[in-house]
Every structure is written in C-alpha cells, then in structure tokens.
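In our numbering, the protein residues as written are 16 to 76. Glycine is no exception: its CB is placed at the ideal position from the N, C-alpha and C atoms.
And the structure:
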C-alpha cells in the first residue's frame, strides 16, 4: 500500500525506528507534518521607535 504525499502526490517513504513511524517525501521534502505558513504579520519596531519608547520609560523627554 503506497501513501501519496499531500503536497506533491508522489509516493511517501515510511521510516520506522524503535516502534515509532514517520513518513517523508523524497520528491518535495515533505516530512509528515502539515503546517500553515501564512501566520500573522509581525510588527517590527524600528531603532528610532525603540529609542523613543526607552526614553519615555526612563522619564526623559
């Protein structure tokens, strides 16, 4: 019984070690863990903003 890769449709390779089993795809690198890479966009603070925040926190204006 061949299992197809959910990413590319190629046959998955099954690896077994010490009673644990994992699958991987030689064609696309799928490693048996489906993830969502879309995520939330990160807000990156500029150096200027960080220094302003630091100045406000120390009581300096």
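Residues near residue i by beta carbon distance below 8 Å, same chain, minus five either side
{"i": "residue 29", "result": "18, 36, 37, 38"}
{"i": "residue 43", "result": "20, 22, 23, 25"}
Spatial distance of residue i from residue j (CA atoms)
{"i": "residue 27", "j": "residue 40", "result": "5 Å"}
{"i": "residue 34", "j": "residue 57", "result": "40 Å"}
{"i": "residue 51", "j": "residue 63", "result": "33 Å"}
{"i": "residue 48", "j": "residue 54", "result": "16 Å"}
Where the beta strand (DSSP E) through residue i begins and ends
{"i": "residue 58", "result": "Careful: residue 58 lies outside any beta strand (DSSP E) and carries neither H nor E."}
Bridge-paired residues (DSSP) for residue i
{"i": "residue 38", "result": "29"}
{"i": "residue 19", "result": "26"}
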